[in-house]
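Numbering (our numbering), first residue to last: 31 to 156. Note that CB positions come from ideal geometry on N, CA and C, so glycine has one too.
In structure tokens form, the structure reads like this:
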């Protein structure tokens, strides 16, 4: 199983690098992979809605969310920091996301506290 996990990790890295490659026709002939740091995710401005940086950030966000939603809980757990950074989660929200994934992976764990009433982090099932 370790080899399978290592292969999946290598495949995920290759996919991420492929998704983040910047086309030379649209970005000053730069063939390097785009790297998103937490500080650069906050630089989207209203003046330039089609800016290059916003496009890269959106593609990165889209890729991370798709990977997060389609991965197994164990793999999604490793993406919680990226999701929390991109969506500007508070430390409490990030912790809740991690605890929920850990609960889904466990056999006998207790469900995380989502709060009640107007302070609830999720809408309870009806």
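| query | result |
| --- | --- |
| Do three or more CB pairs link the segment 118-128 to the segment 95-103 at distances below 8 Å? | no |
| Can you tell me whether residue 109 is buried or exposed, with buried defined as 16 or more other CB within 10 angstroms of its CB? | buried |
| From residue 34 to residue 140, what distance separates their C-alpha atoms? | 29 Å |
| Have a look at residue 45 and residue 117 and give me their C-alpha separation to the nearest angstrom. | 21 Å |
| Determine whether the beta carbon atoms of residue 103 and residue 131 lie at a separation below 9 Å. | yes |
| Starting from residue 133, trace the alpha helix (DSSP H) both ways and give me its first and last residue. | 121-135 |
| So, at 7 Å on beta carbons, what are the nonlocal neighbours of residue 32 in its own chain, with the 5 sequence-adjacent residues on each side left out? | none |
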